[in-house]
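K.L.:
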Amino acid sequence: MAYDREVKKTLSITAARNLLLSTRLRATDQRIALLRTLSQLRGPVPVEALTKSAQGAYDLATAYRTLEAFVRAGLAKRIELSQGRALFELAGAHHHHAVCTICGRIKDIHACLPAGLNARVRRTSGFARIDDHQLEFFGVCTLCAKSV
Ligand SMILES: [Zn+2]
Ligand SMILES: [Zn+2]
Ligand SMILES: [Zn+2]
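Heads up: the sequence shown at position 58 corresponds to 40 in this note's numbering, and the numbers run straight through without jumps.
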């Protein structure tokens, strides 16, 4: 069961629990809380944003550990931006991001690589399979473009 990002709604406790159970992760209160915060904040966010809006429900170390478990289980995506900044978001429909290099604003981009590139990467890498890819676009948003 994949969480539908298009719904744009905070997960209920029941929905969060079911999502965890569908991946065989134990549905602890902390995991349910973190999953709900992820769904509430939507966009890719740093771990600090999650602990801040959770108001003490879990600490930074727990959040990191839990997020790594979520990523392994396919519940969350880890997005690496420049300068080693890692952001997390709830896994949903496959998409990419456009990142403003001035203010850090991030927009979801629902366009993907041209068909055939996967097969080409597989051939040139000699891999048996290519399962996934990440691709982020960097530029300047319209608001920042106006103010320079
Ligand atoms: Zn900007
Ligand atoms: Zn996204
Ligand atoms: Zn893609």
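From the three backbone atoms N, C-alpha and C, an ideal C-beta is built for every residue, glycine too. All of these numbers come straight from a predicted model, not from anything done at the bench.
Does DSSP put Lys34 in a helix, in a strand, or in coil?
P.N.:
For the purposes of this step, residue 34 is taken as residue 52 along the sequence shown, with counting starting at 1. The answer is helix: DSSP assigns Lys34 an H, G or I state.
K.L.:
State yes or no: is the C-beta of His78 nearer than 7 Å to some heavy atom of ligand 3?
P.N.:
By one-based count along the sequence shown, residue 78 stands at place 96. Yes - ligand 3 has a heavy atom lying nearer than 7 Å to the Cβ of His78.
K.L.:
Do Ala73 and Gly56 have their CB atoms nearer than 8 Å?
P.N.:
One-based indexing of the sequence shown puts residue 73 at position 91. One-based indexing of the sequence shown puts residue 56 at position 74. Going by C-beta atoms, Ala73 is nearer than 8 Å to Gly56.
K.L.:
Counting only the same chain and skipping the five closest in sequence on each side, list residues whose C-beta sits under 7 Å from that of Gly25.
P.N.:
By 1-based counting over the sequence shown, the position of residue 25 is 43. Excluding residues within five positions, the ones whose Cβ falls inside 7 Å are Glu71, Ile88.
K.L.:
Considering only residues of the same chain and omitting the five flanking positions on each side of Leu69, which have a CB-CB separation below 7 Å?
P.N.:
Here the question's residue 69 lines up with position 87 in the sequence shown. Around Leu69: Pro26, Val27, Pro28, Ile61, Leu63.
K.L.:
Per DSSP, what kind of secondary structure is Cys123 in: helix, strand or coil?
P.N.:
Looking up residue 123 in the sequence shown gives position 141. Three-state DSSP puts Cys123 in coil, outside helix and strand.
K.L.:
Report the start-end ranges of each alpha helix (DSSP H) in the segment -13 to 55 that is 4 residues or longer and not cut off at the edges.
P.N.:
-5 to 4, 11 to 23, 29 to 36, 42 to 55
K.L.:
DSSP state of Ala58, grouped into three classes?
P.N.:
Mapped onto the sequence shown, residue 58 falls at position 76. The answer is strand: DSSP assigns Ala58 an E or B state.
K.L.:
Classify Leu63 as helix, strand or coil using the three-state DSSP reduction.
P.N.:
Walking along the sequence shown from the start, residue 63 turns up at place 81. Looking at Leu63 - three-state DSSP - the assignment turns out to be coil, as it is neither helix nor strand.
K.L.:
Ligand 5 and Ile84: does the residue's C-beta get closer than 7 Å to at least one heavy atom of that ligand?
P.N.:
Summarising the ligand content, the structure contains ligand 1, ligand 2 and ligand 3 and does not contain ligand 5.
K.L.:
Helix or strand or just coil, what does DSSP make of Leu212?
P.N.:
Because the chain in this structure spans residues -17 to 130, residue 212 falls outside the shown range and cannot be described.
K.L.:
Report the rounded CA-to-CA distance for Arg105 versus His115, giving the unit in angstroms.
P.N.:
As a working note, residue 105 is residue 123 in the sequence shown. As a working note, residue 115 is residue 133 in the sequence shown. Straight across, the Cα-Cα distance linking Arg105 with His115 is about 15 Å.
K.L.:
Determine the DSSP secondary structure at Leu69, reduced to helix, strand or coil.
P.N.:
One-based indexing of the sequence shown puts residue 69 at position 87. Looking at Leu69 - three-state DSSP - the assignment turns out to be strand.
K.L.:
Reducing DSSP to helix, strand and coil, say where Ala101 ends up.
P.N.:
If you number the sequence shown from 1, residue 101 lands on position 119. Reduced to three states, the DSSP call for Ala101 is helix.
K.L.:
Spell out a yes or no on whether the segment 13 to 21 and the segment -7 to 4 are touching, meaning 3 or more CB-CB pairs, one atom from each, closer than 8 Å.
P.N.:
yes
K.L.:
Quick one, are the C-beta atoms of Val200 and Cys82 less than 8 Å apart?
P.N.:
Lying outside -17 to 130, the shown extent of the chain, residue 200 is not represented and no answer is given.
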